[in-house]
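Enquirer:
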Amino acid sequence: MIEKLKENEITFKKIIFQCMEKNETTRALLYVMDEGSGEFVLIAYYGYLKLNPNLKVYDFSHPIVELVRQKRTPFFINDISTEPIVEDYYRDHAIYNVQITPIYHKDKIYGFLEERNRAAKQQYDEKTLENSKKIVEEINETLLFFDKKEEKPVEKKKQTDRKEEYLKTIKEIIIRFSSFKKYIPVISDFFVSSAEVFASAVNYDIAFLSIGIGNNSINLVYSKAPISIRGKKALMSSLKDLFPYDYSKGESYSQFFYGKLRGDEIRDVPKTFYTVKIADKRTLRVHLCLLRNSSVYFDAEELVHISNYNKMLTSYFERLFRDYRCNETFIGLILNLLELSKKKSEVFERHSLNTAKYARLIAEKVSDDMDFIDSVTIAALLHDIGILLIDSNLYEKLYLTEEDVEKIRQHTLVCMKFLSKIRMPEEVKDMIKYHHERYDGFGYPEGLKGEEIPLGARVIAVAEAFETMTGEDSYKETLSLKEAIEELRKNAGDQFDPELVVALESVVKERMNKENGKDSGKK
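For the sequence shown, position 96 (counting from the first letter as 1) is numbered 96 according to the working numbering, and the numbering increases by one without interruption.
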């Protein structure tokens, strides 16, 4: 059971974090008894950046275990000299007060929650004791749940169609385009500039911002003094346990300090911490940690400035999240539209997803603008929706008649009519409208030439041609990757933008090298 509990450490971290917020405790540890050895094993903790190995297991004769067995009921110690059993131990660990709440099952103690050093040397009292009792009830229920929980037999995975599995992979790649990456430089610039201004009002040495959007997360550090990349990574690693993935409902942000840590427990890190909850939603988690190298706590005036800064950050991230959620919803609707299209044509979805994949890879080669890359991805997903609206059977035909070709030439205009009812960026519409223009000016619908054609449309033209030549559903004979690249080279400067052909060639070479590396690894 102990191993199962350790695997679910984050669940218990969330629970004990609630207790720390309510009681303004700087450190908390949850111990559960190993029925095999009789030892009390540490399952979850908060407040230690670097955990002392001696804290991980308490044996039966440990002074804390002995005291818990004597007391048997929840208790607190505000003067450790009154408890000779644990006095020496707590003095050695710089603990000035403590509160312990035993966990019972069938009249037997099988765990306890230990809270250490209330912030600003406040004393524990009956109120903090009641708070901990309620939290321990929740811990107890969770422990019993994991104790009873049986491992479900592993079901054999059903054999999935190879193409479906491939499409699923592409979808997963494309759906990530709700481009979390494009927000990183924007957030970073905003954080650095605002932190610099904020530093004039509040005396801190380092500001640490942890952001989670959906399944993505980033951590940003602003330091008044120069700090190396290695130093930033070390700091982020040491602080990760201060930030749970979720918070309890209630106050808009937490207000407690992490007290001064002993020099022999951890070195070269700030001694005073102040954490602020900026946002607490299922798909948006933002919290700020201010760090000070001295042991002086933040004063009342500084707390007012921190509160105002918190409000500004909250407003900023809520706006940012609305934008992100709109993008996420938009791409979800497009992928659902492609999924529904399978009822009319099995080929359409595969062609659209493959084209979008290649278009995105090309766009990433020629631009660092994430908005442009995302726009190309959207346009590539929808580039042939007009054909589906005209005649879905066109995708199933092995040979095209002159009438079929004429229908295809109309599909961009049909698509424009369809998209006119949707609020979509004009640059995306233009990419779709002009993706059949030729670099030499002999394309359609308007005969644009060279750079008159939007860059995104030129990218999609190359990507679609490559997908059509190499795809399994092509109405022409399927070409190998090398043959398709050679064909694109022949038409570079006439039908296609030469620079984009080179970009695609680079993408294909990387793919082939990767596949060759895998093959050689198997040998």
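For every residue, glycine included, the Cβ atom is placed at its ideal position computed from N, Cα and C.
In whole angstroms, give me the CA-to-CA distance for D79 and I103.
Expert: Counted from its first residue, the sequence shown places residue 79 at position 79. Counted from its first residue, the sequence shown places residue 103 at position 103. Using only the alpha carbons, I get a separation of about 23 Å.
Enquirer: Comparing C-alpha positions only, which one of E477, N293 and Q99 sits nearest to K71?
Expert: In the sequence shown, residue 71 corresponds to position 71, counting from 1. The candidate whose alpha carbon is nearest that of K71 is Q99.
Enquirer: Under 8 Å by Cβ, that's how I've got E437 and I453 pegged, so tell me the actual separation to the nearest angstrom.
Expert: In the sequence shown, residue 437 corresponds to position 437, counting from 1. In the sequence shown, residue 453 corresponds to position 453, counting from 1. Yes, they are in contact, since the Cβ atoms of E437 and I453 sit about 5 Å apart, within 8 Å.
Enquirer: Within the continuous alpha helix (DSSP H) that includes N97, where are the two ends?
Expert: Along the sequence shown, read from residue 1 onward, the residue named residue 97 stands at position 97. No alpha helix (DSSP H) contains N97, which DSSP labels as neither H nor E.
Enquirer: Give the DSSP-derived three-state secondary structure of D246 in the structure shown.
Expert: Mapped onto the sequence shown, residue 246 falls at position 246. In this prediction, D246 has a pLDDT of 37, which is less than 50 and means its spatial position is unreliable; nothing more can be read from the coordinates.
Enquirer: Find the nearest neighbour of E24 within the set K4, I187, G47 and G36, judged by alpha-carbon distance.
Expert: Mapped onto the sequence shown, residue 24 falls at position 24. That would be G47, whose Cα lies nearest to the Cα of E24.
Enquirer: Grab me the residues of Y526's own chain with a C-beta within less than 6 Å of its C-beta, minus the 5 sequence neighbours each way, in chain order.
Expert: Within the shown structure, residues of the chain are numbered from 1 to 523, placing residue 526 beyond reach of any answer.
Enquirer: Who are the Cβ neighbours of I306 in its own chain at under 8 Å, not counting the five residues just before and after it?
Expert: Numbered from its first residue, the sequence shown carries residue 306 at position 306. Cβ neighbours of I306 beyond the five flanking positions: V202, Y274, V276, L290 and F298.
Enquirer: Mark F442 as exposed unless 16 or more other C-beta atoms lie within 10 angstroms of its C-beta, in which case mark it buried.
Expert: For this step, residue 442 is matched to residue 442 along the sequence shown. Exposed is the call here.
Enquirer: Classify H287: buried if its beta carbon has 16 or more other beta carbons within 10 angstroms, exposed otherwise.
Expert: What you label residue 287 is simply residue 287 of the sequence shown in a count that begins at 1. H287 comes out buried.
Enquirer: Would you call the segment 304-323 in contact with the segment 346-353, where contact means no fewer than 3 C-beta pairs closer than 8 Å?
Expert: no
Enquirer: Between which residues of its own chain and F190 is the CB-CB distance below 8 Å, once the five residues before and five after are set aside?
Expert: In the sequence shown, the residue the question calls residue 190 occupies position 190. Within the same chain, F190 has close Cβ partners Y316.
Enquirer: Identify whether M33 lies in helix, strand or coil by the three-state DSSP scheme.
Expert: Along the sequence shown, one-based indexing puts residue 33 at 33. The DSSP-derived three-state label of M33 is strand.
Enquirer: Let's test the definition: count the other Cβ atoms within 10 Å of the Cβ of R116 and tell me whether it reaches 16, buried, or not, exposed.
Expert: Along the sequence shown, read from residue 1 onward, the residue named residue 116 stands at position 116. Label assigned to R116: buried.
Enquirer: What separation, rounded to the nearest whole angstrom, lies between the Cα atoms of L549 and K281?
Expert: Look at the range of the chain in this structure, 1 to 523, and you will see that residue 549 is not part of it.
Enquirer: What does a CB cutoff of less than 7 Å around V86 pick up in its chain, not counting 5 residues either side in sequence?
Expert: Taking the sequence shown and counting its residues from 1, one reaches residue 86 at position 86. Excluding positions up to five away in sequence, the list reads P63, I64, L67 and I80.
Enquirer: Could you pull out every residue in the same chain whose Cβ sits closer than 6 Å to the Cβ of D494, ignoring the five residues on either side in sequence?
Expert: For the purposes of this step, residue 494 is taken as residue 494 along the sequence shown, with counting starting at 1. Excluding positions up to five away in sequence, the list reads D440.
Enquirer: In whole angstroms, what is the alpha-carbon distance linking I390 and M424?
Expert: Against the sequence shown, residue 390 aligns to sequence position 390. Against the sequence shown, residue 424 aligns to sequence position 424. If you take the alpha carbons of I390 and M424, they lie about 21 Å apart.
Enquirer: On the DSSP letters alone, give me the boundaries of the alpha helix (DSSP H) that S375 sits inside.
Expert: Stepping through the sequence shown from its first residue, residue 375 is reached at position 375. M370 to L382 is the span of the alpha helix (DSSP H), which, as asked, contains S375.
Enquirer: Taking the runs of the beta strand (DSSP E) that are 3 residues or longer, which of them lie wholly in the segment 104-145?
Expert: 108-118
Enquirer: In terms of residue numbering, what span does the alpha helix (DSSP H) encompassing H411 cover?
Expert: Numbered from its first residue, the sequence shown carries residue 411 at position 411. E402 to L419 is the span of the alpha helix (DSSP H), which, as asked, contains H411.
Enquirer: By DSSP, does I470 sit in helix, in strand, or in coil?
Expert: Indexing the sequence shown from 1 puts residue 470 at position 470. The sequence given here places Thr at residue 470; Ile does not occur at that position. Helix, per DSSP.
Enquirer: Look up Y297 in the DSSP assignment and say whether it is helix, strand or coil.
Expert: The residue you call residue 297 lines up with position 297 of the sequence shown. Coil at Y297, not helix or strand.
Enquirer: Per DSSP, what are the beta-bridge partners of G212 in this structure?
Expert: Within the sequence shown, residue 212 is the residue found at index 212, counting from 1. DSSP lists S217 and R285 as partners of G212.
Enquirer: K134 to I95, Cα distance in whole Å?
Expert: Locating residue 134 in the sequence shown gives position 134, counting from the first residue. Locating residue 95 in the sequence shown gives position 95, counting from the first residue. If you take the alpha carbons of K134 and I95, they lie about 24 Å apart.
Enquirer: Bridge partners of R27, per DSSP?
Expert: Residue numbering aside, residue 27 sits at position 27 when the sequence shown is read from its first letter. Per DSSP, R116.
Enquirer: According to DSSP, which residues form a beta bridge with A199?
Expert: Along the sequence shown, one-based indexing puts residue 199 at 199. Looking at the DSSP output, A199 sits in no beta bridge, so it has no partner there.
Enquirer: Report yes if the C-beta distance between T470 and Y444 is below 9 Å; otherwise report no.
Expert: Working through the sequence shown from its first residue, we reach residue 470 at position 470. Working through the sequence shown from its first residue, we reach residue 444 at position 444. No.
Enquirer: Just the C-alpha distance for A356 and Y58, rounded to the nearest angstrom, thanks.
Expert: Along the sequence shown, read from residue 1 onward, the residue named residue 356 stands at position 356. Along the sequence shown, read from residue 1 onward, the residue named residue 58 stands at position 58. In a straight line, the C-alpha of A356 is about 57 Å away from that of Y58.
Enquirer: With distances taken from CA atoms, which of G450, K421 and I422 is nearest Y434?
Expert: Along the sequence shown, read from residue 1 onward, the residue named residue 434 stands at position 434. Closest option to Y434, Cα to Cα, is G450.
Enquirer: Quick check on F75: does DSSP put it in helix, strand or coil?
Expert: Looking up residue 75 in the sequence shown gives position 75. F75: strand per DSSP, three-state reduction.
Enquirer: Who pairs with Y46 in a beta bridge, going by DSSP?
Expert: The residue labelled residue 46 in the question sits at position 46 within the sequence shown. Y46 is bridged to A28.
Enquirer: Can you check which of these residues, L209, S420, T401 and D323, is closest to N310 by C-alpha distance?
Expert: Stepping through the sequence shown from its first residue, residue 310 is reached at position 310. Checking every option, the nearest Cα to that of N310 belongs to L209.
Enquirer: DSSP on L290, reduced to helix/strand/coil?
Expert: To locate residue 290, count along the sequence shown from 1; it is residue 290. Here L290 sits in strand by DSSP.
Enquirer: Count the other CB atoms within 10 Å of the CB of S132; is the residue buried (16 or more) or exposed (fewer)?
Expert: Position 132 of the sequence shown, counting from 1, holds the residue named residue 132. So S132 ends up on the buried side.
Enquirer: Given that a residue counts as buried once 16 or more other Cβ atoms are within 10 Å of its Cβ, and exposed if not, what is Q123?
Expert: Here residue 123 is taken as the residue at index 123 of the sequence shown, counted from 1. Exposed, because fewer than 16 other Cβ atoms sit within 10 Å of the Cβ of Q123.
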